[in-house]
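Worksheet for the structure shown next.
Protein chains: 2
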Amino acid sequence: MEAKGMQMLQKENGHKLRIGIVGFGKFGQFLAKTMIRQGHSVIASSRSDYSELCNNMGVTFFRDQRDLCKERPDVILLCTTILAMEPTLRSLPLEELNTSSTLFVDVLSVKEFPMNLFLEVLPPECQILCTHPMFGPESGNIRWAGLPFVYDKIRVSEEGICAQKCNDFLAIFESEGCKMVEMTCADHDRYAAGSQFLTHTVARILGHMNLEPTPIDTKSYETLRHLTEAMTGHSMDLYNGLFLCNANAMEQMEKLERAFDTVKNELMGKLHGMVANQLVHRVSDPLFSGSSSSSFKENNLKIKEREK
Amino acid sequence: MEAKGMQMLQKENGHKLRIGIVGFGKFGQFLAKTMIRQGHSVIASSRSDYSELCNNMGVTFFRDQRDLCKERPDVILLCTTILAMEPTLRSLPLEELNTSSTLFVDVLSVKEFPMNLFLEVLPPECQILCTHPMFGPESGNIRWAGLPFVYDKIRVSEEGICAQKCNDFLAIFESEGCKMVEMTCADHDRYAAGSQFLTHTVARILGHMNLEPTPIDTKSYETLRHLTEAMTGHSMDLYNGLFLCNANAMEQMEKLERAFDTVKNELMGKLHGMVANQLVHRVSDPLFSGSSSSSFKENNLKIKEREK
């Protein structure tokens, strides 16, 4: 009982990790805030100079990735954009790290791509955890409770220090109340293409239509407008990444186009039916006659009667 | 002062109207509930038999439109679908009404169509008020406060009994706290094509994609899914009416298609740029090279250097 109690206590408190964040843009900063609040030590490097911002946050910033690696963090957390992931990972001076006890983690919105990239680039002794916190500075601004955190332990030891590091890292999100979803990278990408990528696509399309508030907005239109505004705040690089680096995205584009064509063709069919009713079948109220299949039948009956 | 006080009191309480609702489907029933609660007298007729429902609601139901007209209601409120409006109006036995003191009102989601139809079918002494309560049994289920009520006094006397009837009718919505928007039918249709019709179209398109909840829904995807569910609850007849009977709807379809094509072509351009970079320009990381216009320039510089 006592041992179990101790174990639980340890799990609750977790061990404090030294986390090296590579790529310290908005999302890296967003995650770092919570990690620091939880008592973890965060160091960072980035293409841009974030020295001052890091100083204010309590993060040690290194202009040179090599200096970050020399600190031998427990976790290398890549927070680059999807498109910058490969060159960033390839440029990391792995020789400075204790690779066999370093956990590599990514947080990209696509998962098969970083998984395969990690497996290709990293030496076999490196531990790999692929994750996707499905929220950001907007949706997870106040709290993370109930928001999905997807992860896939690609190469994590069953026990020992590396297993512990992985559990401690996951505990960062678990302890904030995230909905922890263990899922293969392939499943993630399949689901995310039909949900996240589709939502971004709809918002991008509506973004090109410049939706304006009108004096007579319906509730639904307001919802659509706010969704579009929120989504188009994301970078074009993210959207391109969601498309290029998710093997299922093209299928969703095709599905969306087919759905658009279906709706459009239904409407055009109505138009043609009405004009044909009016000009060919000489129906006096083509709008009403064409309104339902039953009216269409009645209409046909009328025509047949006339033909007699 | 006293006279003014009396006038205000009268206005607040309003006069009780006898309202004849023609077409007693969901929307007619929805409006009738509030009218009855406010103390107005409601009579109704419809293609379907709503005798029992009306009995329970405190509404007098007539199977025959002629019997409804014989009751000489103050207001004839047409609550048919867009597509059924013309045959219903044309079949009304106007000779039974005291046309010169009857106010004709419609509540359709398009406005130029019923306006022109009223002007064409009704004798010149009839009073005409075109309205669009921009809510329904879903969005206005609990209260109407703040929800837009659009109206256009097409042919309403400046003073006298008909002016009073019109004010009393508008007061039904004003007293519930609706946002009263006086607007021409043409302006309404222009705004509504870009907001209401567009929202219905997006929901219809997504309806064809069978959006399913996934274990990893983002907040935005949830919003889109709920919007689609709520909107596709509306009848196909309503959607067809919004398209066929709004002169601005086709323009919005074209705009939506252009926006879709823009997004699609941007993505396809990315794809081709990457393949061209890889195969023609022999770039090792085409994903990263093609990620922004600045990288593209750098890339071009590299190519030029090589060409020297």
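Protein chains in written order, with numbering that gives the first Met the number 0: chain A, 0 to 307; chain B, 0 to 307. Note that CB positions come from ideal geometry on N, CA and C, so glycine has one too.
Starting from the C-beta of residue i, find all residues in its chain whose C-beta is less than 6 Å away, skip the five residues before and the five after it, and write them out in chain order.
| i | result |
| --- | --- |
| Thr59 of chain A | Ile42 |
| Asp308 of chain A | Within the shown structure, residues of chain A are numbered from 0 to 307, placing residue 308 of chain A beyond reach of any answer. |
| Met249 of chain A | none |
| Lys156 of chain B | It is worth fixing the name first, because residue 156 of chain B is Ser in this sequence and not Lys. Taken in chain order, the residues that qualify are Ala162. |
| Leu82 of chain A | Asp236, Gly240 |
| Arg17 of chain A | Ser40, Pro72, Asp73 |
| Pro285 of chain A | Met273, Asn276, Gln277 |
Does the distance from the CB of residue i to the CB of residue j come in under 7 Å?
| i | j | result |
| --- | --- | --- |
| Tyr220 of chain B | Ser194 of chain A | yes |
| Asp64 of chain B | Ser50 of chain B | The sequence shown places Gln at residue 64 of chain B, not Asp. Going by C-beta atoms, Gln64 of chain B is not nearer than 7 Å to Ser50 of chain B. |
| Cys177 of chain A | Ile153 of chain A | no |
| Thr19 of chain A | Ile35 of chain A | Reading the sequence as shown, one finds Gly at residue 19 of chain A and not Thr. Not closer than 7 Å, so no. |
| Cys78 of chain A | Val120 of chain A | no |
| Phe312 of chain B | Met179 of chain B | Only positions 0 to 307 of chain B appear in the structure, and residue 312 of chain B is not among them; the question remains open. |
| Met230 of chain B | Ala202 of chain B | yes |
| Thr261 of chain B | His233 of chain A | no |
| Pro86 of chain A | Phe287 of chain B | yes |
| Met84 of chain A | Pro122 of chain A | no |
| Val104 of chain A | Asn245 of chain A | no |
Answer with yes or no whether the minimum CB distance from residue i to chain B is below 7 Å.
| i | result |
| --- | --- |
| Gln277 of chain A | no |
| Ile204 of chain A | yes |
| Met133 of chain A | yes |
| Ile215 of chain A | yes |
| Leu116 of chain A | no |
| Lys314 of chain A | With chain A represented from 0 up to 307, any question about residue 314 of chain A goes unanswered, as that position is not in the structure. |
| Lys254 of chain A | yes |
| Val262 of chain A | yes |
| Asn299 of chain A | With a pLDDT of only 45 at Asn299 of chain A, under 50, the local geometry of the prediction cannot be trusted, and no value is derived from it. |
| Met7 of chain A | Low confidence applies to Met7 of chain A: its pLDDT is 44, below 50, so where it sits in the model is not reliable, and the reading given next is rough at best. Taking Cβ atoms only, chain B never reaches closer than 7 Å to Met7 of chain A, which makes this a no. |
| Thr198 of chain A | yes |
| Lys152 of chain A | no |
| Leu266 of chain A | yes |
| Thr79 of chain A | no |
| Phe242 of chain A | yes |
What would DSSP say about residue i, mapped onto helix, strand or coil?
| i | result |
| --- | --- |
| Tyr150 of chain A | strand |
| Cys78 of chain A | coil |
| Lys10 of chain B | At Lys10 of chain B the pLDDT is 47, less than 50, meaning the model places this residue with poor confidence; the figure from the coordinates comes in the next sentence. Here Lys10 of chain B sits in helix by DSSP. |
| Ser290 of chain A | Residue confidence for Ser290 of chain A is low, a pLDDT of 44 falling below 50, so the modelled location carries little weight and cannot support an answer. |
| Asp284 of chain B | coil |
| Arg46 of chain A | coil |
| Ser219 of chain B | helix |
| Lys178 of chain A | strand |
| Ile141 of chain B | coil |
| Ala2 of chain A | Note that Ala2 of chain A has pLDDT 47, beneath the 50 cutoff, so the model's placement of it is unreliable and no number is given. |
| Pro132 of chain A | strand |
| Leu16 of chain B | coil |
| Leu91 of chain B | coil |
| Leu102 of chain A | strand |
| Gln126 of chain B | strand |
| Val41 of chain B | strand |
| Val21 of chain B | strand |
Report yes or no: is there a C-beta of chain A within less than 7 Å of the C-beta of residue i?
| i | result |
| --- | --- |
| His207 of chain B | yes |
| Ile160 of chain B | no |
| Gln195 of chain B | yes |
| Ser292 of chain B | Confidence is the limiting factor: at Ser292 of chain B the pLDDT is only 42, short of 50, which leaves the residue's position unreliable, though a coordinate-based value still follows. By this cut-off, Ser292 of chain B is not an interface position. |
| Asp188 of chain B | no |
| Val106 of chain B | no |
| Lys15 of chain B | no |
| Val120 of chain B | no |
| Asp284 of chain B | yes |
I'd like the list of long-range same chain contacts for residue i, defined as Cβ closer than 7 Å, with 5 residues on each side in sequence excluded.
| i | result |
| --- | --- |
| Ser99 of chain B | Glu124 |
| Ala185 of chain A | Glu111 |
| Asn264 of chain A | none |
| Lys69 of chain A | Glu95 |
| Gly135 of chain A | Phe26, Phe29 |
| Arg89 of chain B | Val120 |
| Gln46 of chain B | The question names Gln, but residue 46 of chain B in the sequence shown is Arg. Around Arg46 of chain B: no qualifying Cβ. |
Near residue i, which residues of its chain fall below 8 Å by C-beta distance, leaving aside the five closest residues on each side in sequence?
| i | result |
| --- | --- |
| Thr101 of chain B | Arg71, Pro72, Asp73, Val74, Ile75, Cys125, Gln126 |
| Cys53 of chain A | Phe23, Ala43, Thr59, Phe60 |
| Tyr150 of chain A | Leu128, Cys129, Thr130, His131, Leu169, Met179, Val180, Glu181, Met182 |
Roughly how far, in whole angstroms, is the beta-carbon of residue i from the beta-carbon of residue j, given that I think they are within contact range, below 8 Å?
| i | j | result |
| --- | --- | --- |
| Asn247 of chain A | Asp188 of chain A | 6 Å |
| Phe259 of chain B | Ile204 of chain A | 5 Å |
| Ala191 of chain A | Ile215 of chain B | 7 Å |
| Thr227 of chain B | Thr198 of chain A | Incorrect: roughly 11 Å between the Cβ atoms, too far for contact. |
| Ile171 of chain A | Gln37 of chain A | 6 Å |
Could you tell me whether any non-hydrogen atom of the ligand MN is closer than 6 Å to the CB of residue i?
| i | result |
| --- | --- |
| Phe23 of chain B | This structure does not include the ligand MN; it has no bound ligands of any sort. |
Quick one: which chain C residues come within Cβ less than 8 Å of residue i?
| i | result |
| --- | --- |
| Val149 of chain A | The chain labelled as chain C is not found among the protein chains of the depicted structure, namely A and B. |
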